[in-house]
Amino acid sequence: MTAGTATFSVEVGKHLPGVSSALRPAPLDELRHWGGEALVRGKRVLDLGCGDGRFAIGVAPFATAVEGLDPDPDAIAAAKQAARKAGRRNLHFAVGAAQRLPYPDGAFDVVILSWTL
Amino acid sequence: MVDALREVHRVLVPCGILIDARPDSRVHAYVERRRGRGFQRFGVVRTNSTELKNDRASDRAIARLVADGFFTRRRRGRFWHRVGFDTLAEVRRYLWEHLRFVRRAEWVVDAATRRHHADDQFVVRRPVRHEILEANQELGLRRLSKLRR
């Protein structure tokens, strides 16, 4: 883990409940452990169970397009707001269930289940 | 869960990548006190039984999709994630509120040591695992070959 992430965690750990996604590893930290940004660079990515969009927003600078899907409308609203704030145009979020994905066959190069299964 | 993973296979291109990352309940988390540049172990934190069952169900779903030929396992790994706290009381509150862990740590230091260091900085160090799977192009061939045997 990087010093930056450790500092971030120390700052938020005392303010937020244990269920908050802010207490998870930073997206780029997690991506680095999986094999680095090459996994998503220039790819069409689906973040399934994206929650508040934490991970989708983190990988958006590398990917061609990122879709986030979550069954919780409140989480998707927060994700859309965060995406607007981040100024990313290759990010889209939708409410939906994993059992019936609203995408055509072969729509993605990478599907991420980050703390979802 | 199996249905969802089949849907994932459908929306992936052939040889597309599925990344499954989640807390690793097969390994305990730890409460540690910051000590200089290192850490001193104060307690062990177990995952609660409901989450253990959920994790095993997820493992079985992945294993089934692999056995049915939807995906091939490529690689896996684990890393440790540290969440920091300013006092031991904050660690206790975090564990009490956490949906995944049992509510109390099993302390490996005595009560006097805990009291003495109650206002020190602590971390909860938890394992996070990941697995990279590749979507198989020739879906169902493995199942078909099993039937022919």
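Protein sequence lines, in the order shown, are assigned to chains A and B. Quick note: the first sequence uses numbering that gives the first Met the number 0, first residue 0, plus one each step. Quick note: the second sequence uses numbering that gives the first Met the number 0, first residue 0, plus one each step. Note that beta-carbon positions come from the ideal geometry of N, C-alpha and C, so glycine has one too. Bear in mind the structure is a predicted one, so any value in this text is a computation, not a measurement.
If you run the structure through DSSP and keep just helix, strand and coil, what is residue i?
i: Gln80(A); result: helix
i: Leu116(A); result: coil
i: Ala110(B); result: helix
i: His91(A); result: strand
i: Arg34(B); result: strand
i: Ala28(B); result: strand
i: Val101(B); result: coil
i: Asp119(B); result: coil
i: Val65(A); result: strand
i: Phe7(A); result: Unreliable placement is indicated for Phe7(A), whose pLDDT of 41 sits below 50; the coordinate value is still reported in the next sentence. In this structure, Phe7(A) counts as helix in the three-state DSSP scheme.
i: Asp28(A); result: helix
i: Phe54(A); result: helix
i: Thr46(B); result: strand
i: Ala60(B); result: helix
i: Asp46(A); result: strand
i: Asp104(A); result: coil
i: Arg55(B); result: helix
i: Pro72(A); result: helix
i: Ala59(A); result: coil
i: Val109(A); result: strand
i: Arg92(B); result: helix
i: Val12(B); result: strand
i: Gly17(A); result: Residue placement at Gly17(A) is flagged as unreliable, the pLDDT there being 39, under the threshold of 50; a coordinate-derived value is accordingly withheld.
i: Arg5(B); result: helix
So, residue i versus residue j, is the Cβ gap smaller than 8 Å?
i: Gln98(A); j: Ala3(B); result: yes
i: Gly37(B); j: Val107(B); result: no
i: Phe100(B); j: Arg32(B); result: no
i: Ile56(A); j: Ala85(A); result: yes
i: Phe107(A); j: Leu64(B); result: no
i: Leu132(B); j: Leu51(B); result: no
i: Arg21(B); j: Arg128(B); result: yes
i: His91(A); j: Gly76(B); result: no
i: Leu22(A); j: Val44(B); result: no
i: Val109(A); j: Gly15(B); result: yes
i: Leu112(A); j: Asp19(B); result: yes
i: Arg25(B); j: His80(B); result: no
i: Phe70(B); j: His8(B); result: yes
i: Thr118(A); j: Gly34(A); result: Nothing can be reported for residue 118(A), as the shown portion of chain A is limited to 0 through 116.
Name the one or two DSSP bridge partners that residue i has.
i: Gln98(A); result: In DSSP, Gln98(A) forms no bridge with anything.
i: Val127(B); result: Pro22(B), Phe78(B)
i: Leu17(B); result: Val110(A), Leu132(B)
i: Thr71(B); result: Glu133(B)
i: Cys83(B); result: This sequence places Gly at residue 83(B); Cys is not what is there. Beta-bridge pairing links Gly83(B) to Val122(B).
i: Arg40(B); result: Glu31(B)
Report yes or no: is there a C-beta of chain B within less than 8 Å of the C-beta of residue i?
i: Phe92(A); result: no
i: Gly105(A); result: yes
i: Leu68(A); result: no
i: Pro24(A); result: yes
i: Gln80(A); result: no
i: Arg40(A); result: no
i: Leu27(A); result: no
i: Gly50(A); result: no
Against chain A, does residue i count as a neighbour if the rule is that its beta carbon must be under 8 Å from one of theirs?
i: Phe38(B); result: no
i: Ala169(B); result: Because chain B in this structure spans residues 0 to 148, residue 169(B) falls outside the shown range and cannot be described.
i: Ala109(B); result: The sequence shown places Asp at residue 109(B), not Ala. Judged by the 8 Å Cβ criterion, Asp109(B) is not in contact with chain A.
May I ask whether a heavy atom of the ligand PLP can be found less than 7 Å away from the beta carbon of residue i?
i: Gly35(B); result: You won't find the ligand PLP in this model; it holds no ligand whatsoever.
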